[in-house]
Amino acid sequence: MTQETADIGLVGLAVMGQNLVLNMEDHGYEVAVYNRTRQKTDAFLAGPAKGRRIVGAASLEELVATLARPRRVMLMVQAGDPVDAVLSQLIPLLEEGDIVIDGGNSHFEDTIRRERELAGKGLHYIGTGVSGGEEGARHGPSIMPGGPVAAWESVKDVLQAISAHVEGEPCCDWLGEDGAGHFVKMVHNGIEYGDMQLIAEAYDLLRHGLGLTPEELSEVFAGWNEGDLDSYLIEITRDILRTRDEEGKLVLDVILDAAGQKGTGRWTAVTALHQGIPVTLVTEAVFARSLSALKEERVAAAEHLPGPGTRFQGDRDALVADVGRALYAAKIASYAQGFMLLSAAAAEHGWSLDMGRVAALWRGGCIIRSRFLNDIRDAYADQPELKNLLLAPYFRDAVVGAQGAWRRVVAEGVRLGIAMPAFTTALSFYDGYRRASLPANLVQAQRDFFGAHTFERVDRPRGEYSHFDWTGHGIATSGSYQA
Numbered sequence: 016m017t018q019e020t021a022d023i024g025l026v027g028l029a030v031m032g033q034n035l036v037l038n039m040e041d042h043g044y045e046v047a048v049y050n051r052t053r054q055k056t057d058a059f060l061a062g063p064a065k066g067r068r069i070v071g072a073a074s075l076e077e078l079v080a081t082l083a084r085p086r087r088v089m090l091m092v093q094a095g096d097p098v099d100a101v102l103s104q105l106i107p108l109l110e111e112g113d114i115v116i117d118g119g120n121s122h123f124e125d126t127i128r129r130e131r132e133l134a135g136k137g138l139h140y141i142g143t144g145v146s147g148g149e150e151g152a153r154h155g156p157s158i159m160p161g162g163p164v165a166a167w168e169s170v171k172d173v174l175q176a177i178s179a180h181v182e183g184e185p186c187c188d189w190l191g192e193d194g195a196g197h198f199v200k201m202v203h204n205g206i207e208y209g210d211m212q213l214i215a216e217a218y219d220l221l222r223h224g225l226g227l228t229p230e231e232l233s234e235v236f237a238g239w240n241e242g243d244l245d246s247y248l249i250e251i252t253r254d255i256l257r258t259r260d261e262e263g264k265l266v267l268d269v270i271l272d273a274a275g276q277k278g279t280g281r282w283t284a285v286t287a288l289h290q291g292i293p294v295t296l297v298t299e300a301v302f303a304r305s306l307s308a309l310k311e312e313r314v315a316a317a318e319h320l321p322g323p324g325t326r327f328q329g330d331r332d333a334l335v336a337d338v339g340r341a342l343y344a345a346k347i348a349s350y351a352q353g354f355m356l357l358s359a360a361a362a363e364h365g366w367s368l369d370m371g372r373v374a375a376l377w378r379g380g381c382i383i384r385s386r387f388l389n390d391i392r393d394a395y396a397d398q399p400e401l402k403n404l405l406l407a408p409y410f411r412d413a414v415v416g417a418q419g420a421w422r423r424v425v426a427e428g429v430r431l432g433i434a435m436p437a438f439t440t441a442l443s444f445y446d447g448y449r450r451a452s453l454p455a456n457l458v459q460a461q462r463d464f465f466g467a468h469t470f471e472r473v474d475r476p477r478g479e480y481s482h483f484d485w486t487g488h489g490i491a492t493s494g495s496y497q498a
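Residue numbers for the sequence shown follow our numbering, so the first one is 16 and each next one is one higher.
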């Protein structure tokens with residue numbers, strides 16, 4: 016009979032799954048593993064797992080039979096239908112109190128549904144975002160769990176042990192109920208899209224607008240990485256810009272300019288639309304990838320659609336410095352939008368989401384890890400009810416101080432014909448958010464004129480709606496309704 020000795024089971028032995036298993040074993044846990052394709056399990060046991068406290072299972076039944084109780088099973092399978100397929104086979108094998116940890120990029124609404132279904136069977140389902148790629152999974156990712164708080168104590172030891180640690184603190188903590196963990200991971204990925212697009216636009220302006228060489232650009236990014244922009248993405252961009260292949264070619268220059276995407280950025284943008292939160296920078300980053308994918312169309316259009324035909328004239332060093340300040344300001348605006356979305360979703364779903372804790376979890380292991388996240392954590396520690404990061408004194412002063420550089424950079428991009436949708440939309444968001452009055456009154460007037468959609472008046476209480484007879488042939492009304 017199989018002995019129940021394994022501390023945790025893991026299903027799905029792609030690279031992320033394998034590295035998490037090795038990470039767990041490094042920290043003293045005995046791990047049982049199962050993969051739908053038996054050959055992958057055998058290759059893993061004969062290779063990286065050889066000589067370790069890792070046991071293979073030929074079936075889910077065998078996997079479950081090896082686990083100590085309450086059983087903990089982590090799924091590292093493709094999001095969507097594959098998760099439901101595994102659950103349909105796994106659930107009948109489990110008993111009340113057992114725990115399923117979904118470590119894939121599942122959509123948070125799927126996680127909410129699954130958590131409720133498993134709760135009805137006496138089981139716990141923990142939707143868990145894992146960020147850091149292959150290297151993070153092996154040596155310490157950022158881990159974002161959400162689900163029934165009663166189950167947190169049963170998984171806390173292993174998840175916090177294998178996570179990244181910053182200043183002695185694990186980059187893993189319980190975030191809230193049902194889909195909170197996967198929602199936070201989704202927003203993390205959306206912000207990641209925004210960070211990458213901002214960096215790409217800065218590169219484009221400096222290389223193709225200003226004429227800096229890749230070597231010069233690498234030094235620029237190295238300098239930025241010593242200051243406020245210190246981050247993993249800035250660091251790897253520095254290295255990308257100096258990496259050449261065996262033929263001496265810059266590897267960057269042989270990569271096709273058509274960016275892929277797996278969907279989490281798009282999910283963030285769609286969710287923001289549903290919530291009515293202006294997460295404009297992530298949305299533009301998603302659209303920028305979509306535009307890049309139209310490679311053949313763009314090549315053809317380049318033959319027919321001229322740009323301004325101007326060249327940069329001015330102080331190169333001054334513009335480089337401006338781009339660094341503008342990049343930091345736009346980054347602040349992007350994170351402000353992301354945390355607005357987190358706050359709105361927490362209110363709608365009743366999640367006990369701590370914004371400072373979210374920022375703390377992202378400081379290590381994940382793709383957007385940066386020095387900057389310490390400042391976000393501190394801002395929420397000082398003002399737990401902070402409405403917007405732009406209003407925190409540190410970030411307000413940083414954005415106001417960078418405002419001139421930001422505007423010069425966007426204007427220079429427009430003058431040179433360099434597309435900068437992320438920089439531009441971030442500045443437009445800032446300009447819209449800082450204004451007490453916007454032209455939305457005209458939009459409301461138009462809506463009421465052609466569709467009698469009503470409007471609120473500045474001389475009456477909020478929530479009271481009126482309709483004006485614009486043509487003289489209708490009926491003017493008022494009341495507490497909106498068409």
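Ideal Cβ placement from N, Cα and C applies to all residues, glycine included. Source: prediction; values computed, not measured.
For the pair threonine 440 and threonine 298, the Cα-to-Cα distance works out to about 10 angstroms. Of the residues assessed, arginine 87 falls on the buried side of the cut-off, its CB having 16 or more other CB atoms within 10 angstroms. Taken through DSSP and simplified to helix, strand or coil, glycine 27 comes out as coil. Here DSSP, grouped into helix, strand and coil, assigns glycine 142 to strand. For alanine 333, the secondary structure class from DSSP, reduced to helix, strand or coil, is helix. Short of 8 angstroms from the beta carbon of valine 98, and not among the five residues preceding or following it, lie these beta carbons of its own chain, in chain order: Leu90, Val92, Asp117, Gly119, Ser121, Asp125, Arg129.
If you check the CB distance, glycine 379 and valine 181 come in under 9 angstroms. For leucine 256, no alpha helix (DSSP H) segment is defined, and its DSSP state is neither H nor E.
Within the DSSP bridge table, the entry for leucine 82 names Ala21 as partners. Between proline 293 and glycine 191, the C-beta gap is not smaller than 9 angstroms, which leaves the two residues out of contact. Here the alpha carbons of leucine 357 and alanine 47 stand approximately 35 angstroms from one another.
Take the alpha-carbon of alanine 73 and the one of valine 115: they are about 19 angstroms apart. Within the same chain, and ignoring the five residues on either side of serine 169 in sequence, the residues whose Cβ sits closer than 8 angstroms to its Cβ are Pro85, Arg87, Ile114, His139. A straight line joining the alpha-carbon of valine 266 with that of tyrosine 218 spans about 15 angstroms.
Excluding the 5 residues flanking it on each side, leucine 296 has same chain C-beta neighbours closer than 8 angstroms at Gly209, Gln212, Leu213, Ala345, Ala348, Ser349, Gln352, Ala437, Thr440, Ala441, Phe444, in chain order. Secondary structure of tyrosine 218 (DSSP, three-state): helix. For tryptophan 366 and histidine 197, the gap between their C-alpha atoms comes out near 12 angstroms. Here glutamate 168 is not bridged, per DSSP, to any residue. Collapsing the DSSP output to three states places valine 92 in coil. The segment 300-311 makes no contact with the segment 417-427; the number of CB pairs closer than 8 angstroms stays below 3.
Across the set Glu111, Ala434, Leu404, the C-alpha of Leu404 shows the shortest separation from the C-alpha of methionine 355. With a cut-off of 8 angstroms on Cβ pairs, the segment 275-294 is not in contact with the segment 245-256, counting fewer than three such pairs. Spatial neighbours of aspartate 463 in its own chain (CB-CB distance under 8 angstroms, excluding positions within 5 residues in sequence) are listed in chain order as Thr469, Phe470, His482, Phe483, Trp485. Looking at the backbone, the Cα of glutamate 400 and that of valine 199 are separated by about 18 angstroms.
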